[in-house]
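In this note's numbering, the protein residues as written are 345 to 900.
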């Protein structure tokens, strides 16, 4: 069968508005996907639904579709999106109304079964991560547009692939290949040079969105439309493969993909072939993401300028002590952004950041911000803050739990109202860690030079709940031989002191010439809790690349 061309036009809620039109008009496509959901997005949509029970979906998608629905119909491109969020039926209904208003005949289907809020009282949103076979059922019955709620990001690709090629639930290698392609596409321009360690190697001012040419055997070529910005090479694809993953087994509701079996080869300009992916039965449980309101938070950033930075910080902390007596959670961070003998006031200044959390809004609200403001004429010399402190704002907490496959009623709801139940996985296997593979031969000893790690390796990092992962990969076999023996867990803890007291696990992926580190608990209760300066660990990998160590001169 001919290859299925699947594109992506969104990596998150708020991504480039014009991307839907760009992908529909920029080249040939069979299916266009849009990923709008993340842990934080579900919390945002949950709060939207508190204000309006008819809300809970990504409204941006509806506005994008108003401009592009006719183009998609004219070109025969089917659209699959998780923009339904907490209310896929509601978004499907709005799309039908839009089509009627535009005078278009569009078959809109949606997928239900992920919403488990009734099973978890007190949660703002509780949603199981469904697989792709509900999407496949909708497409097989002729849907032009399929709207889902919380499915795995890769399901937006596995569903269309299963429908197109006629795959069944047990065809694990093929499904695993589609999962890997879906994982590369899901974050949009992160596969085409966006957020890329070696971004200066191409023009990434406006990277094009990616697409996959997926074949019946599960192999794929990652590429982009001709003439669009950015670039696709083995490095950009490797970086995305490592994003928000853990070990060699990448588990999902349809299949567990073995990341340690992937082979990447450059297949021409802006074309990377992905093959060799091995699949295994899925685990016996589905992940459920729980979002709840954790309380209220407030933040003040004191600017400390010039001399005696440490003493000034100590004075602020002592002066604020009485106001913080009733607060449940208090965190102080001093960022020494100041330089000696600086030629601008800003570069002579450090930031002392105070973050407070408490179940009681009043405790972290005006009482606290008032105490900070009252120091304006009674504090350290040069007292000022980055922004006037305000009242407390609510923050969210993310938690994941697991339920058996049979605990959800996965249903494809067709354009004509028919409901097709989707059977749970008929074969499952409990996940075990893959034994660590043998390491390559170390490089022979030779002269070294103190230099940043990022001169010889790339990295990409991200969040999963309260944990962060940092994927690090080498660009040459020689650099891999050095990296595999040098960047141990202990060395990582030395280079990133924030991880020193946290559980850290290293996973080795020789075919990608990569190491993947999982740091548990560094993000507290998840991104919505705003636990640290970089709450999603987006730049953790770049921090690691900036650290200096002794590197063989042969690699520099």
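Backbone N, C-alpha and C fix where the C-beta goes; we use that ideal spot for every residue, glycine too.
- [ ] For residue 368, I'd like the list of residues in its chain whose CB is within less than 7 Å of its CB, leaving aside the five on either flank, ordered along the chain.
- [x] 376, 412, 415, 416, 419 and 421
Q) For residue 728, which of helix, strand or coil comes out of DSSP? A) strand
Check your understanding: Can you tell me the Cα-Cα spacing of residue 657 and residue 707, whole angstroms?
Key -> 23 Å
In chain order, each alpha helix (DSSP H) run of at least 4 residues that lies wholly inside the segment 566-632
578-586
Would you say the segment 444-451 touches the segment 491-509, given that touching needs at least three Cβ pairs under 8 Å? no
Query raised in the report: Taking DSSP as the reference, what is the three-state secondary structure of residue 458?
Result: coil
Practice prompt. Under the assumption that residue 637 contacts residue 740 (Cβ atoms under 8 Å), give the Cβ distance between them as a whole number of angstroms.
Written response: 6 Å
* Asked: Where does residue 895 fall in DSSP's three states?
  -> strand
Locate the alpha helix (DSSP H) running through residue 878, then write down its first and last residues. Residue 878 -> no alpha helix (DSSP H), and no H or E assigned at all.
Original post:
Is it a yes or a no for the segment 701-715 touching the segment 670-689, going by three-plus beta-carbon pairs under 8 Å?
Top reply: yes
Query raised in the report: Would DSSP call residue 656 helix, strand or coil?
Result: helix
Where residue 730 falls, given that 16 or more other Cβ within 10 Å makes a residue buried: exposed
Supposed close pair residue 904, residue 508 - CB separation, criterion 8 Å: A question about residue 904 goes unanswered here, because the residues of the chain that appear run from 345 up to 900.
Given the structure, does residue 436 come close to the ligand MG, in the sense that its CB is under 7 Å from one of the ligand's heavy atoms? By its list of ligands, the structure shown contains no ligand whatsoever, and the ligand MG lies outside what it can speak to.
**OP:** Look at the alpha carbon of residue 850 and the alpha carbon of residue 814, and state the distance between them as a whole number of angstroms.
**Re:** 10 Å
Subject >> Extent of the continuous alpha helix (DSSP H) run through residue 650 >> reply: That residue, residue 650, is in no alpha helix (DSSP H); it is neither H nor E in DSSP.
Per the DSSP calculation, residue 554 is bridged to which residue(s)? 568
DSSP three-state assignment for residue 530, whether helix, strand or coil
coil
Taking the DSSP output, what are the residues bridged to residue 861?
814 and 850
What residue range is occupied by the uninterrupted beta strand (DSSP E) comprising residue 471? 469-472
Considering only the alpha carbon of each residue, which of 385, 404 and 364 lies closest to residue 470? 385
Report task. Please state whether DSSP places residue 351 in a helix, a strand or coil. Result -> strand
message = Just to confirm, is the Cβ distance from residue 487 to residue 453 under 8 Å?
response = yes
* Are the segment 864-881 and the segment 824-836 in contact at 8 Å, needing three or more beta carbon pairs? -> no
TODO: Rounded to whole angstroms, what's the CA-CA distance from residue 868 to residue 845? Just pull it up for me.
DONE: 13 Å
Here's the rule I'm using: 16 or more other beta-carbon atoms within 10 Å means buried, otherwise exposed. How should residue 717 be labelled? exposed
Quick check on residue 743: does DSSP put it in helix, strand or coil? strand
### Task
Following the continuous alpha helix (DSSP H) through residue 511, name the residue where it begins and the one where it ends.
No alpha helix (DSSP H) contains residue 511, which DSSP labels as neither H nor E.
Go to residue 478, then tell me how far its alpha helix (DSSP H) extends in each direction, as first and last residue.
477-484
With C-beta atoms as the reference, is residue 523 less than 8 Å away from residue 594? yes
First and last residue of the alpha helix (DSSP H) that includes residue 395?
383-395
Check your understanding: Less than 8 Å separating the beta-carbons of residue 584 and residue 531?
Key -> yes
Counterpart residues of residue 764 in DSSP-defined beta bridges
756
Report task. Would you tell me roughly how many angstroms separate the C-alpha atoms of residue 643 and residue 675, rounded to the nearest one? Result -> 10 Å
What's the C-alpha gap between residue 899 and residue 582?
20 Å
Between residue 806 and the rest of its own chain, which residues show a CB-CB distance below 8 Å, the 5 nearest in sequence each way excluded? 587, 588, 812, 813, 880, 881 and 882
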